[in-house]
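> Can you keep this structure in mind? I'll have questions shortly.
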Amino acid sequence: MTIIRGATTVEKDEKEQISLAVKEMLDEIFTANALKKAEVKGFLFSLTTDIHSYHPAKSARECGYDFAPLFCAIEPDIDGGLKLCIRLMLFTDLADNRTVKHVYQRGAKVLRKDISEIFNIALDGPAGSGKSTVAKALAKDYNILYLDTGAMYRACALKALRLGVDTKDGEAVKGILSQLDVKVEYKNGTQRTMLGEEDVSEKIRENAVSMAASNISAHPVIRIKLVEMQREIAKKMSCVLDGRDIGSAVLPDAKFKFFITADSKVRAQRRYKELLSRGEVVDFDKLHAEIVARDKQDSEREFSPLVCAKDAVVVDTSSMSIEEVIATIKSYIQSKI
Ligand code: DC
1 MTIIRGATTV
11 EKDEKEQISL
21 AVKEMLDEIF
31 TANALKKAEV
41 KGFLFSLTTD
51 IHSYHPAKSA
61 RECGYDFAPL
71 FCAIEPDIDG
81 GLKLCIRLML
91 FTDLADNRTV
101 KHVYQRGAKV
111 LRKDISEIFN
121 IALDGPAGSG
131 KSTVAKALAK
141 DYNILYLDTG
151 AMYRACALKA
161 LRLGVDTKDG
171 EAVKGILSQL
181 DVKVEYKNGT
191 QRTMLGEEDV
201 SEKIRENAVS
211 MAASNISAHP
221 VIRIKLVEMQ
231 REIAKKMSCV
241 LDGRDIGSAV
251 LPDAKFKFFI
261 TADSKVRAQR
271 RYKELLSRGE
281 VVDFDKLHAE
291 IVARDKQDSE
301 REFSPLVCAK
311 DAVVVDTSSM
321 SIEEVIATIK
331 SYIQSKI
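Structure representation (structure tokens):
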């Protein structure tokens, strides 16, 4: 007895999507393994608890996979587990000793990173465009890592501010390069940005750090150091990275690239609410002016500026809810994965 595994996901709990995903998974399993009907002894599907609209065993039967017993079970709901997922164990009795190919499609590719390709999602755009909220949601749904690259520039800026170094002064910044001991760690799947042994993840969010981060990020010595760290992380595992130059410079070969933008007033409003919720009171007009100045500086710097990569999908989130943005991006990814 040889078991061939398969898994796939749907975007919505809808009959048509379930039937199509099941058919595509079975078709690929049968083609990739050159399976003959007589070799198949049984199909065991399992579903995550968020699927109710249709029965994968019925879908399989309807598209001609009705020559062996079919059964379907519900999986326990595991915190952090993949959503809207259909798995399959296909029991076979192969006529020869060919090597089997398991099939992981759509969002389920992340379940078997060893046999599925590593893929990266690049999310670029100006401050406050909603990148980090989208990135966190994608990372959770696809069970991949989220790397907030802005946090790394912010940590460098915080260190420079603490050392009393002018973040605009390239020579002065060069002088503290060896002391910029920025590290990224993950605790319970969440990024913690470290300066040496100190967790500065909260401290770097203060508004005073934002402009300093933009200043310091313009210096090539800083970018070269941080980009190398970012590439190291991204080549080892599937991840979603947000920043300014991910699609254009850090990972020009990223499988998915999005440029997320919004009107500057809308972005300032979002940042204003975020700062208020953390107890930081700022003047709205001043914050708006700072965001505009930061965009200008990030876009006009000479080395690796904020730019929309030629092959990025542009999403203007000005009049979209965050749920709509996530759904738009996910539906694009699902159609290409
Ligand atoms: O995304 P953020 O606001 O946390 O980023 C802070 C600053 O860091 C931003 O103004 C520009 C810089 N940055 C960058 O130059 N490249 C990146 N990949 C990420 C951020």
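Note that our numbering has the sequence shown beginning at 1, numbered continuously upward.
We put the CB at the ideal spot given by N, CA and C, even for glycine.
1) Report the three-state DSSP secondary structure of M1 (helix, strand or coil).
2) When DSSP labels each residue in this structure, what does S318 get in the three-state scheme?
3) Suppose you measure from the CA of L111 to the CA of L82; what does that come to, to the nearest Å?
4) At what residue ranges does the stretch 90-151 contain a whole run of the beta strand (DSSP E), taking only runs of 3 or more?
5) State the Cα-Cα distance for the pair K168 and Y186, rounded to the nearest angstrom.
6) Could you check what DSSP says for F45 in three-state terms: helix, strand or coil?
7) Near K136, which residues of its chain fall below 7 Å by C-beta distance, leaving aside the five closest residues on each side in sequence?
8) Return helix, strand or coil for Y54, following the three-state DSSP convention.
9) Verify whether the separation of the beta carbon atoms of L251 and A268 is less than 8 Å.
10) Enumerate in chain order the residues of its own chain whose CB-to-CB distance from S116 is below 6 Å, with the five nearest sequence positions on each side excluded.
11) When you compare only the Cα positions, how much space is there between G130 and K140?
12) Consult DSSP for G164 and reduce its assignment to one of helix, strand or coil.
13) Quick one: does the C-beta of Y272 sit closer than 7 Å to a heavy atom of ligand 1?
14) What do you reckon, are the CB atoms on I337 and V240 nearer than 8 Å?
15) If I follow the unbroken alpha helix (DSSP H) through G64, where does it start and stop?
16) Taking C-alpha atoms, which residue in K159, R61, F67 and L88 lies nearest to I74?
17) In whole angstroms, give me the CA-to-CA distance for A234 and G243.
18) Using a beta-carbon distance below 8 Å, is H102 in contact with chain B?
19) With L306 as the anchor, note down where its beta strand (DSSP E) starts and where it stops.
20) Look at T9 and G164 and say whether their C-beta atoms are less than 8 Å apart.
21) Classify L226: buried if its beta carbon has 16 or more other beta carbons within 10 angstroms, exposed otherwise.
22) Examine ligand 1 and report whether any of its heavy atoms sits within less than 7 Å of the Cβ of R112.
23) Cα-Cα, which of E324, I29 and S299 is closest to V40?
24) Span of the beta strand (DSSP E) holding L195?
25) Are D245 and D124 touching if we call contact CB-CB under 8 Å?
26) Going by CA-CA distance only, name the one from Q17, L35, G150 and S59 that's closest to L84.
27) Does the stretch 200-214 touch the stretch 149-162, meaning 3 or more C-beta pairs lie closer than 8 Å?
28) Less than 8 Å separating the beta-carbons of F45 and A68?
29) Can you look up E185 in the DSSP assignment and give me helix, strand or coil?
30) Please state if the CB of L177 and the CB of K159 are separated by a distance shorter than 8 Å.
31) Hey, could you find the ends of the alpha helix (DSSP H) G175 is sitting in?
For this structure:
1) In the structure shown, M1 sits in coil (DSSP, three-state: anything other than H, G, I, E or B).
2) In the structure shown, S318 sits in coil (DSSP, three-state: anything other than H, G, I, E or B).
3) If you draw a straight line from the Cα of L111 to the Cα of L82, it comes to about 8 Å.
4) As far as the stretch 90-151 is concerned, its whole beta strand (DSSP E) runs of at least 3 residues are 120-124 and 145-148.
5) Cα to Cα, the separation comes out at about 30 Å.
6) Strand.
7) Taken in chain order, the residues that qualify are Y146.
8) Correct three-state label for Y54: coil.
9) In this structure, A268 does not lie closer than 8 Å to L251 by Cβ.
10) Correct list, in chain order: Y104 and K109.
11) Rounded to the nearest angstrom, the two C-alpha atoms are 16 Å apart.
12) Residue state, collapsed to three classes: coil.
13) Using a cutoff of 7 Å, the CB of Y272 does not count as near ligand 1, since none of the ligand's heavy atoms is closer than that.
14) Contact flag unset, no.
15) Segment: none, G64 is in no alpha helix (DSSP H) and carries neither H nor E.
16) Checking every option, the nearest Cα to that of I74 belongs to L88.
17) Spanning the two alpha carbons is a distance of roughly 13 Å.
18) This model lacks chain B altogether, as it is built from one protein chain only.
19) Premise fails: L306 is in no beta strand (DSSP E) and is neither H nor E.
20) In this structure, T9 sits away from G164, with a CB-CB distance that is not shorter than 8 Å.
21) With 16 or more Cβ atoms within 10 Å of its Cβ, L226 is classed as buried.
22) R112: no, Cβ never under 7 Å from ligand 1.
23) It is I29.
24) T190 to L195 is the extent of the beta strand (DSSP E) around L195.
25) Cβ distance < 8 Å, so D245 and D124 count as in contact.
26) Of Q17, L35, G150 and S59, the smallest CA-CA separation from L84 is found for Q17.
27) Taking a cut-off of 8 Å on C-beta distances, the stretch 149-162 touches the stretch 200-214, as three or more cross pairs fall below it.
28) Using a Cβ distance threshold of 8 Å, F45 and A68 do not count as a contacting pair.
29) Correct three-state label for E185: strand.
30) Going by C-beta atoms, K159 is not nearer than 8 Å to L177.
31) Element bounds for G175: G170 to G175.
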